[in-house]
Every structure is written in C-alpha cells, then in structure tokens.
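For reference, the structure is listed below as structure tokens.
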Amino acid sequence: MARWRFSLSLFLLATLGPWLALADHSFENTAIVRTVELGGALVHITTTYAVKALEDGSAVYTIALGDDEHEKTSWLEAKIKGQSAVLPLEKVGYDPKTDIHYYAVELSKALKANASTNLVVETVQTHATYPWPEEAGQKDGQSLKYETDLLVLSPYVTSVQRTKIRSPSPQVHSYTKPEGLEAFTLEDPVTKSGSTLTYGPYKNIPQSTTEDFVQERQQHVTIHYSCDYPVIEVTKLTRTAEISHWGANLNIQDNVHLHNGGPRLKGHFSRLEHQSSAYFGRQPPHIIPGLTLHLPAGIHDVYYYDLIGNVSTSHLRTAPSVPKGSQNNQFSVLELKPRYPILGGWNYSFTLGWDTPLGDSAGWDKESGKYVVGVPVMTTIPGTVVDVAEVKIILPEGATDLEFFPPFPAAMNELSTHVIYLDTIGRPTITLHYNQLTDQHAGVIYVSL
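Take a look at the structure:
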C-alpha cells in the first residue's frame, strides 16, 4: 500500500490476540454501508460504519481488510461523517490464519457507553479490474471484471450491512448471485437497478474475522461490466524539479511511460477505421486518442517530445500566475495528442516539461528563518494509476540545512549530489520514491533551506 506502510513488530504479533479480544467488546456495528464506484484503473470505495460504544472510554476502532483487498488498496483514510479532519490510523497486525490485516483508527473523542458515531473509511484500489475478454477488435467495446468479497469484514458484531456496487455504465453483463445466506436474509440477496447492484441488506452478522466465518460464510462475487473510457496506467514516472536562484526559475520535467491497460488489440490496426471513427465521433472506449492535463498557472517555455522527436499535435492554453494566498484556482490546460492512438496493450513514452517563476512556489518563512519551496508530487491524470514514481528535487549549489516535508510517506528517500557544468561542489538533491499513486496523492513536497 502506497499510503500506509508499517512494519509489524514481534510485540504486535504477540499482542494481536489480546488486542482483537479487547476490540470485540468495545463496539458494535449498528449498520455498515459500503459503496463501490467501479472504474478503469482505479476503484473508489466508501465504507460507512455506524458504531455504538459498549463501554465508557471507547476511543480506538479496529477495521479489517482481507489480504486481496489490502494488496490492491493504495489509499486509506478515515474521518467522522460530516467532518473534514483526518483521523489517526495505524496498522496493528496481520492474522496469517485468516489473511486479514487490522488497522486501528483513533476517534476524535472517546465515546461513552451506548453513544454512537458514524465512521467513514475511504479507500482507492489500483489494478483491481481486468479486461474481459482479454482481446477486442478495433471497433469493439470494452468490458472489465471486478472481484471482491461479499461481506464486509469486521471484528465486531454487525446488526445490518449493505454493499452497493455502481458501474460506470448501466450495461452490466453478469454478476454473482450469492447462495446460502438464509441466516442473514430471507429476501433476494442481490438486486439490480440501472447501473447499481445492491447486495443486502444482511442482518445479524456475527464477528466476521474469525477463521470459521471466513472459511464457511464468506463468499466471492464477480461483476462483469461495460466501461466507456480507457484504462490508463503510468508504469513509470520520473519527475525532475530543478531550482535556479540565479534565474529565479523552477523547471519541471516529467518522463512518462504510458500503458493502455484495456483489452489487447485483436488483429491489425487500421488507420482508415480510426479516422472514420474519429470523424463520426464514435471513438472506441479502449483507445486513448489524447490526454488533457492541468498544468500550473504562469508556466512558459513548455516542451513535449517523444523518442522520435518533437510532437506538434498538441495545444496549450496558459493562465497567468496566481498571487500567493489567492483562492483563485487557475491552471493552464495542455491538450496532448500522441503521435499515434494508443490501443489496448500498447505503450507510449514521452517527455513533458515547463518553466515557471520561482516566486510562484517559493518564499521566505519568518518563523523558521528559511526559504521554503513547494514542488508538486505529480501532474494528475484523472483516473490513472502511477505504478512507480521518482521525484527528484535539485536545489541550488551551496544550499545547506535542508529539510523536506512530503504530503505522505515515501517508500524510500535519499540525499545525493548532482553535478553539471560550471559546478564546483555540486547541487544537493532530494529523491523520493513512490509506488501505486492515484489522484488522491496529488500533494506538494515542501523543502526548506
């Protein structure tokens, strides 16, 4: 998981059993409602737990993720419903018998006995869908499959739970109809309305993290649905931000390796068919004809090229620089059109860069007595996963007493020296490595010097 990576100590392994026994008696779930928003490269999940405290001073709630769900989860965040503050969340253990991972959420205030609150847990899954069929003709549509567990895992007793799975299209080809749920419901276990599948309500569910429950009661469901937009994946992103205090300039350059994760092309590519589809406005959903990127305001000297050379099939609309502290969210828009359409299974590598006034992202901090500069982690492509990202920040030669503050923990970071022409001792460089980034990871790395 890109957002939360915690090592499991021997102490946690030894105390996992007592922890869960204690957690079992702290709360009960009066209701669990999970909403799954299906997509292409990303799947957004919102789970609302209506929890009731069983004893005074209940302040730590435990959530559980199955091994498959945990492996696919790249973003995990918990809040109290209606509040914007993010609650502290930490991994507390893993049970190898059930393949369940446990996270502890610290509530904003301890609850008294019989008091209740609504806890909202948001997750983003990457590579959770796959194309089916695996191959498609140039004019064919695109269909994906998504697999998940039927019942939401919880170490607490649950009065009622319901899962809604929403497809981006009402065209749902097939879905699993669970059986053997008489203990939890006497009605239809699943209903379909438009593009939404509703599993439940299921009532009087016991603690679902026990070994017996996982083996005997848990079920697997599969949804096969139509997706009307391409599955865009960035297999590798290398961002280099170079700060020049002499030129009062910040240069950002991205080397992007793009991959279309949709169904592979069946047969040969026809330029005639592609031009005909584009002319009549019936572009197949598994083709990436271009990208629209939101770049910072105030940029200039923008360049875009691939392995062959400069690509002129693009259009840029720049916005003027925004004064610091302004609430005006202006941005420049780049309509990027690759040299060729990117079909399912195809790759495309390109380089994009620009200059921006250093004053737009740097300033003097009176409290610390240092200069502070902000560098965005990445330029977000909506609905896209970045498998591997490297962000390199090259500071001016002679910069000392460096500190950096990323918006979320990096998988690895390192300090090095970058030497180019006319340098004497080289330029200090901060490099951060990330995995499985999504649109939720669009933050700013602040560096003080």
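If you use mature numbering (1 follows the signal peptide of the UniProt record, and there is no 0), the sequence shown corresponds to residues -23 to -1, 1 to 426, in order. We put the CB at the ideal spot given by N, CA and C, even for glycine.
query, result
"Thinking just about the alpha-carbon of each residue, which of E367, I397, T356, L409 is nearest to the one in L270?", "T356"
"Could you tell me the distance, in whole angstroms, from the CA atom of A376 to the CA atom of P405?", "7 Å"
"Since Q192 is in the alpha helix (DSSP H), which residue starts that stretch and which ends it?", "188 to 193"
"Within this structure, are the beta carbons of V349 and P384 separated by less than 8 Å?", "no"
"Compare the C-alpha of Q230 against each of E367, S303, G403 and name the closest.", "E367"
"Could you check whether the stretch 322 to 337 touches the stretch 280 to 289, counting it as contact only if at least three pairs of C-beta atoms, one from each stretch, sit closer than 8 Å?", "yes"
"Among the residues of its own chain, which have a CB less than 7 Å from the CB of A87, if the five just before and after it don't count?", "G34, S35, A36"
"Could you spell out where the alpha helix (DSSP H) holding D44 opens and where it closes?", "44 to 49"
"What separation, rounded to the nearest whole angstrom, lies between the Cα atoms of V134 and H395?", "57 Å"
"Suppose contacts are defined by Cβ-Cβ distances below 8 Å. Is K180 in contact with S131 by that definition?", "no"
"Cβ of G239 within 8 Å of Cβ of G321?", "yes"
"Hey, how far is the Cα of Y123 from the Cα of A296?", "40 Å"
"Alpha carbon to alpha carbon, what distance is there between T23 and V13?", "7 Å"
"Can you name, in chain order, every residue of its own chain whose Cβ lies under 8 Å from the Cβ of P359, other than the five neighbours on each side?", "D416"
"Between the alpha carbons of H21 and K49, how many angstroms are there, rounded?", "11 Å"
"Pull up the distance between the alpha-carbon of A(-3) and that of Y80, whole angstroms please.", "Any reading at A(-3) is ruled out, since the residue's pLDDT is 47, under 50, leaving its predicted position unreliable."
"Quick one: what does DSSP say D378 is sitting in, helix, strand or coil?", "coil"
"Determine whether the beta carbon atoms of Y107 and L121 lie at a separation below 8 Å.", "yes"
"Is T162 near the ligand SAM, with its Cβ less than 7 Å from a heavy atom?", "Among the components modelled here there is no ligand, and therefore nothing to report on the ligand SAM."
"Cutting at 6 Å between CB atoms, please list the residues of its own chain near Q307, excluding the five before and the five after it.", "A274, A296, V299"
"Just to confirm, is the Cβ distance from Y202 to S144 under 8 Å?", "yes"
"Determine the contact status of I407 and L426, defining contact as a CB-CB distance below 8 Å.", "no"
"In chain order, what residues of the same chain have a beta carbon less than 7 Å from the beta carbon of S146, not counting five sequence neighbours either side?", "S172, Y202, S203, C204, D205"
"What are the uninterrupted segments assigned as alpha helix (DSSP H) that are 4 or more residues long and contained completely in the stretch 23 to 99, given in chain order?", "44 to 49"
"Take V82 and list the residues in its own chain whose beta-carbon comes closer than 8 Å to its own, dropping the five residues that flank it on each side.", "V37, Y38, T39, I40, A55, L64, P65, L66, L96, V98"
"So, at 6 Å on beta carbons, what are the nonlocal neighbours of K29 in its own chain, with the 5 sequence-adjacent residues on each side left out?", "E5, T7, S93"
"Looking only at C-alpha atoms, which of S185, E188, P155 sits nearest to G177?", "P155"
"Under 8 Å between the Cβ atoms of V352 and V288?", "no"
"Taking the beta strand (DSSP E) that T7 falls in, what are its first and last residues?", "4 to 14"
"Kindly list the residues whose CB is nearer than 8 Å to the CB of Q149, restricted to its own chain and excluding five residues on each side of it in sequence; keep chain order.", "The sequence as given places Val at residue 149; Gln does not occur at that position. Within the same chain, V149 has close Cβ partners K169, S172, L174, I200, H201, Y202, S203."
"How big is the Cα-Cα spacing for T186 and W52?", "22 Å"
"According to DSSP, which residues form a beta bridge with P353?", "V421"
"Taking only three categories from DSSP, how would you classify G360?", "coil"
"Can you tell me whether I397 is buried or exposed, with buried defined as 16 or more other CB within 10 angstroms of its CB?", "exposed"
"Considering just the uninterrupted stretch of the beta strand (DSSP E) at K301, what are its terminal residues?", "Run containing K301: none; DSSP gives neither H nor E here."
"Identify every residue that forms a DSSP beta bridge with H277.", "D332"
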